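Going by numbering that gives the first Met the number 0, 1 is the number at position 2 of the sequence shown; the sequence numbering is gapless.
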Amino acid sequence: MIVVLHRVHGAIPVIVAANRDEFYARTAAPPELRGHTDHGARVIAGRDLRGGGTWLGATGDGLFVGITNQRMSKVPEPRERSRGAIVGEALEAGTPAAIDRYLDGLEPGRTLPFNLLYGDAGRLTVAYGRDDRIERVDLGPGVHVLANDRLGSPHMPKTARAEARLRPVLDRPWPELRVALQELLADDEVPDVDVPEPPPGSRFDAAFLRRLQALCIRTPTYGTVSATLLALGEGDVLEYLHAEGPPGDVPWTDVTGLYR
0 MIVVLHRVHG AIPVIVAANR DEFYARTAAP PELRGHTDHG ARVIAGRDLR
50 GGGTWLGATG DGLFVGITNQ RMSKVPEPRE RSRGAIVGEA LEAGTPAAID
100 RYLDGLEPGR TLPFNLLYGD AGRLTVAYGR DDRIERVDLG PGVHVLANDR
150 LGSPHMPKTA RAEARLRPVL DRPWPELRVA LQELLADDEV PDVDVPEPPP
200 GSRFDAAFLR RLQALCIRTP TYGTVSATLL ALGEGDVLEY LHAEGPPGDV
250 PWTDVTGLYR
């Protein structure tokens with residue numbers, strides 16, 4: 000789940016709060032220097048130790064890229080590339096316009112379906128990569144919550160819940176808003192919401208799908224394994240915080256110094 004506050008906070012143009020939800024068997028390393036953009040800015044992001052890619056990162060001049068999986072009801076067939084490679088290559092492109100061009104050159108279907116969110120203080124875009132095409136949509140200022148489907152999908156009621164919880168605190172000073180976002184990411188309550196019945200043959204039953212509507216997911220095999228908070232300014236990174244585990248269970252670490 001990726002929450003982006005774009006041009007809604009008076010002091011910080013871009014705020015990103017994200018939980019990485021994954022099968023526990025798929026291990027990862029915390030944020031590290033992953034290289035540089037085409038114009039020399041540092042790229043800081045975590046590392047998926049299986050596929051080598053990443054799920055979210057930011058450049059030293061204020062660009063972020065994050066990805067969520069498009070949920071599939073059946074176990075997918077392996078694809079040629081990991082979705083995480085897209086995030087790393089998009090970060091290295093270095094600007095939203097360069098990422099547009101990069102996505103235009105991707106061949107649909109080489110990875111499993113994905114939702115890619117990227118932007119900086121000037122622009123925010125979501126790209127939906129499916130087997131037949133990659134669709135880009137530019138987003139206006141506001142609160143955007145991306146889970147495992149398109150923005151605003153009725154199959155993801157957790158996104159509306161996250162947005163509603165944030166609305167009353169958007170004008171708070173950053174130290175207070177930061178705490179509110181950390182508490183949001185740590186919320187493991189399983190809400191009493193209706194979820195669509197899974198199709199015949201689905202690998203998920205309705206009870207499991209309901210547990211996935213928690214903002215911080217906890218199941219025996221799958222759940223929230225780390226979290227990220229980013230505060231991005233006009234061309235720089237103001238703060239990059241990481242929780243290497245379910246937020247609320249582990250301390251937050253400030254990794255902003257990796258850009259220095």
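Glycine included, each C-beta is placed from N, C-alpha and C at the ideal position. Note that this is a predicted model, so its numbers are computed, not measured.
Any idea what DSSP makes of residue i, helix, strand or coil?
{"i": "Arg217", "result": "strand"}
{"i": "Arg177", "result": "helix"}
{"i": "Pro333", "result": "Because residue 333 is not part of the residues shown, which for the chain are 0 to 259, the question remains open."}
{"i": "Gly34", "result": "strand"}
{"i": "Phe22", "result": "strand"}
{"i": "Pro12", "result": "coil"}
{"i": "Glu88", "result": "helix"}
{"i": "Gly51", "result": "coil"}
{"i": "Gly93", "result": "coil"}
{"i": "Thr67", "result": "strand"}
{"i": "Thr255", "result": "helix"}
{"i": "Phe276", "result": "No information on residue 276 is available, as it lies outside the stretch 0 to 259 that the chain covers here."}
Indicate whether residue i and residue j have their beta-carbon atoms separated by less than 8 Å.
{"i": "Leu176", "j": "His8", "result": "yes"}
{"i": "Leu240", "j": "Asp253", "result": "yes"}
{"i": "Pro107", "j": "Asp131", "result": "yes"}
{"i": "Arg19", "j": "Ser225", "result": "yes"}
{"i": "Leu214", "j": "Leu184", "result": "yes"}
{"i": "Tyr127", "j": "Asn114", "result": "yes"}
{"i": "Leu228", "j": "Leu180", "result": "yes"}
Whole angstroms is fine: what's the gap from residue i's alpha carbon to residue j's?
{"i": "Pro12", "j": "Leu4", "result": "8 Å"}
{"i": "Tyr258", "j": "Arg41", "result": "6 Å"}
{"i": "Thr110", "j": "Arg135", "result": "17 Å"}
{"i": "Gly269", "j": "Val86", "result": "Outside the shown range of the chain (0 to 259) lies residue 269, about which nothing can therefore be said."}
{"i": "Arg129", "j": "Leu48", "result": "24 Å"}
{"i": "Asp191", "j": "Glu233", "result": "40 Å"}
{"i": "Asn147", "j": "Pro112", "result": "10 Å"}
{"i": "Ile1", "j": "Thr67", "result": "8 Å"}
{"i": "Arg70", "j": "Arg82", "result": "13 Å"}
{"i": "Asp119", "j": "Pro199", "result": "41 Å"}
{"i": "Glu76", "j": "Gly50", "result": "15 Å"}
Since I believe residue j is in contact with residue i (beta carbons under 8 Å), could you give me their beta-carbon distance rounded to a whole number of angstroms?
{"i": "Thr124", "j": "Asp103", "result": "Not quite, the Cβ-Cβ distance comes to about 13 Å (not below 8 Å), so this is no contact."}
Margin query: Quick test of the definition: if touching needs 3 or more C-beta pairs under 8 Å, does the stretch 15 to 29 touch the stretch 196 to 203?
Written below: They do not touch, by the three-pair rule.
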